[in-house]
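**Student:** Residue numbers (our numbering): 838 to 1166.
Below you'll find the structure I mean.
Following this line, the structure appears as structure tokens:
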């Protein structure tokens, strides 16, 4: 198995991606191979002095980097030798089985749509985010920003994407799917929410009804579906709470009960434990990491990609949407 890792993307590149990739390499099975995509000299500098199995590691040269502030679609078209474009093209050509990046989310989405395309029966992809909850398992929130304007059929498809992902990668056989809304009753929400509710209620998923904002992290739902506009707001607010609590921890007196309690909360909210967000609906495995990802988050994102490949996530998604099309015919 070959995982392509964008070494030039993110606020902590190239150090964090290289170190996180090497940590993943050390922990994964012997047949796993890591492809580090980026500036060769920068990668070699980061590898210098590290105990690395070079038989399982390859450097794929990429002369360009897409910056976070660049227009994604334009940058992807203009910088074909960027680490993002090169890494995704490796997967499109069958030279890699998955791609992981902490770079520009918009550029990763654009390059994935351009080079990998969408699965049969889909015209959009959804970006999922695994949020730690009060329960034993995280909740997948989808979509968290790939699509600002959505139709009810898009949200229905996101529900199926999330359903299969949680089955394949998280190992939960019958995921509970909820629809983010302003109230729990069936008739609540705007027209889009009501139309989506009816579609999911008639469908074959384990639909658990509407989910209010205060229930997202309850642990009662495996998948929470929403449009990318609302999902991105929820995600950014979630991240801001984690950052705020982390600052409170740094200001608390060492050894105090408050510090201990806040540290435990921060551990629960730590996005690095989940690794990365899957881009679901493209014909491949693409994992997007937070731009500020430390090595641990990169390592965990690589492990998520490996699990997705090992459990045939893409083929399972194809079967899911083939069955959905037949059911609607």
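All C-beta atoms, glycine included, are put in the ideal place defined by N, C-alpha and C.
1) Closest to residue 1125 by C-alpha separation, out of 899, 1161 and 935, would be which residue?
2) What are the boundary residues of the alpha helix (DSSP H) that residue 922 is part of?
3) Tell me whether the beta-carbon of residue 1046 lies closer than 9 Å to the beta-carbon of residue 1017.
4) Residue 1005 and residue 1114: beta carbons closer than 9 Å?
5) Residue 1136: buried (16+ other C-beta within 10 angstroms of its C-beta) or exposed?
6) Determine which residues share a DSSP beta bridge with residue 1074 and list them.
7) Does the ligand NAP have even one heavy atom less than 8 Å from the beta-carbon of residue 871?
8) Could you work out which residue in 921, 897 and 886 is closest to residue 903 when comparing CA atoms only?
9) Residue 1044 by DSSP, collapsed to three states: which one?
10) Based on Cα-Cα distance, which residue from 851, 879, 887 and 1014 lies nearest to residue 863?
11) How about residue 815 and residue 998: are their beta carbons less than 9 Å apart?
12) Can you tell which of 901, 909 and 870 has the C-alpha that lies nearest to the C-alpha of residue 893?
13) Going by the CB atoms, is the gap between residue 1003 and residue 1009 shorter than 9 Å?
14) Does residue 924 pass the burial test, meaning 16 or more other C-beta atoms within 10 Å, or should it be called exposed?
15) Grab the span of the alpha helix (DSSP H) containing residue 995 for me, first residue to last.
16) Please confirm whether residue 1011 has its beta-carbon closer than 9 Å to some beta-carbon of chain C.
17) Within its chain, find whatever has a CB closer than 7 Å to the CB of residue 1146; leave out the 5 residues flanking it on each side and keep chain order.
18) Tell me which residue opens and which closes the beta strand (DSSP E) that residue 949 is part of.
19) At which residue ranges does the region 962-992 contain complete alpha helix (DSSP H) runs of 4 or more residues, listed in the order of the chain?
20) Report the rounded CA-to-CA distance for residue 843 versus residue 985, giving the unit in angstroms.
21) Suppose you measure from the CA of residue 1032 to the CA of residue 987; what does that come to, to the nearest Å?
22) Rank 931, 937, 852 and 884 by C-alpha distance to the C-alpha of residue 1142 and give the top, closest one.
23) In whole angstroms, what separates the C-alpha of residue 896 from that of residue 1139?
24) What are the residues that DSSP puts in a beta bridge with residue 841?
25) Count the other CB atoms, across all protein chains shown, that sit within 10 Å of the CB of residue 1062; report buried if there are 16 or more and exposed otherwise.
26) Going by DSSP in three states, residue 1131 sits in which element: helix, strand or coil?
27) Check the DSSP bridge columns for residue 1015 and list the partner residues they point to.
28) Can you give me the start and stop residues for the beta strand (DSSP E) that residue 1114 sits inside?
29) Which residues share a DSSP beta bridge with residue 895?
30) Should residue 900 be labelled buried (16 or more other beta-carbon atoms within 10 Å of its own) or exposed?
31) Would you identify the three-state DSSP class for residue 852, choosing helix, strand or coil?
32) Which value, in whole angstroms, describes the spacing of the CA atoms of residue 850 and residue 919?
**Tutor:** If we stick to the structure as given:
1) Counting from one through the chain shown, the residue named residue 1125 turns up at place 288. Ranking 899, 1161 and 935 by Cα distance to residue 1125 puts 935 first.
2) Here residue 922 is taken as the residue at index 85 of the chain shown, counted from 1. Note, residue 922: alpha helix (DSSP H), 920-929.
3) In the chain shown, the residue the question calls residue 1046 occupies position 209. In the chain shown, the residue the question calls residue 1017 occupies position 180. It is not a contact, given that the beta carbons lie outside the stated cut-off.
4) If you number the chain shown from 1, residue 1005 lands on position 168. If you number the chain shown from 1, residue 1114 lands on position 277. No; because the gap between Cβ atoms is not below 9 Å, this pair is not in contact.
5) Translated into positions along the chain shown, residue 1136 becomes position 299. Burial call: buried.
6) Counting from one through the chain shown, the residue named residue 1074 turns up at place 237. In DSSP, residue 1074 forms no bridge with anything.
7) With respect to the ligand NAP, the structure offers nothing, as it holds no ligand at all.
8) Locating residue 903 in the chain shown gives position 66, counting from the first residue. Residue 921 is the option with its Cα nearest to residue 903.
9) Working through the chain shown from its first residue, we reach residue 1044 at position 207. If DSSP states are grouped into helix, strand and coil, residue 1044 belongs with the strands.
10) Counting from 1 along the chain shown, the entry for residue 863 is found at position 26. Ranking the options by Cα distance to residue 863, first place goes to 887.
11) An answer regarding residue 815 cannot be provided, because it is not within the stretch 838 to 1166 covered by the chain.
12) Taking the first residue of the chain shown as 1, we reach residue 893 at position 56. Nearest option by C-alpha distance: 870.
13) For the purposes of this step, residue 1009 is identified with residue 172 of the chain shown, where counting begins at 1. For the purposes of this step, residue 1003 is identified with residue 166 of the chain shown, where counting begins at 1. Closer than 9 Å, so yes.
14) Along the chain shown, one-based indexing puts residue 924 at 87. So residue 924 counts as buried.
15) Against the chain shown, residue 995 aligns to sequence position 158. Taken as a continuous stretch (DSSP letters only), the alpha helix (DSSP H) holding residue 995 covers 989-1002.
16) The chain labelled as chain C is not found in the depicted structure, where only one protein chain is given.
17) Working through the chain shown from its first residue, we reach residue 1146 at position 309. Excluding its 5 nearest sequence neighbours in each direction, residue 1146 has C-beta neighbours in its own chain below 7 Å: 838, 934, 935 and 1122, listed in chain order.
18) Here residue 949 corresponds to residue number 112 of the chain shown, with the count starting at 1. Premise fails: residue 949 lies in the alpha helix (DSSP H), 942-952, not in any beta strand (DSSP E).
19) none
20) Taking the first residue of the chain shown as position 1, residue 843 is located at position 6. Taking the first residue of the chain shown as position 1, residue 985 is located at position 148. Computed Cα separation, rounded: 26 Å.
21) Here residue 1032 refers to the residue found at position 195 when the chain shown is read from its first residue. Here residue 987 refers to the residue found at position 150 when the chain shown is read from its first residue. The alpha-carbon atoms of residue 1032 and residue 987 are separated by roughly 12 Å.
22) As a first step, residue 1142 must be located in the chain shown, where it is residue number 305. Minimum Cα distance to residue 1142 is reached at 937.
23) Residue mapping note: residue 896 aligns to position 59 of the chain shown, counting from 1. Residue mapping note: residue 1139 aligns to position 302 of the chain shown, counting from 1. Distance between the alpha carbons of residue 896 and residue 1139: 16 Å.
24) Position 4 of the chain shown, counted from the start, is the residue given in the question as residue 841. DSSP, once it has assigned bridges, lists 872 and 936 as partnering residue 841.
25) Start at 1 with the first residue of the chain shown, and residue 1062 comes out as number 225. It is buried - the Cβ of residue 1062 has at least 16 other Cβ atoms within 10 Å.
26) Here residue 1131 refers to the residue found at position 294 of the chain shown. It is coil, neither helix nor strand.
27) Indexing the chain shown from 1 puts residue 1015 at position 178. The partner list for residue 1015 (beta bridge, DSSP) reads 1061.
28) Sequence index remark: in the chain shown, residue 1114 carries index 277 (1-based). Residue 1114 -> beta strand (DSSP E) spans 1113-1117.
29) By one-based count along the chain shown, residue 895 stands at place 58. Paired residues: 872.
30) Stepping through the chain shown from its first residue, residue 900 is reached at position 63. It is exposed - the Cβ of residue 900 has fewer than 16 other Cβ atoms within 10 Å.
31) Sequence index remark: in the chain shown, residue 852 carries index 15 (1-based). Note: residue 852 maps to helix in three-state DSSP.
32) Working through the chain shown from its first residue, we reach residue 850 at position 13. Working through the chain shown from its first residue, we reach residue 919 at position 82. Taking the straight line joining both Cα atoms gives about 14 Å.
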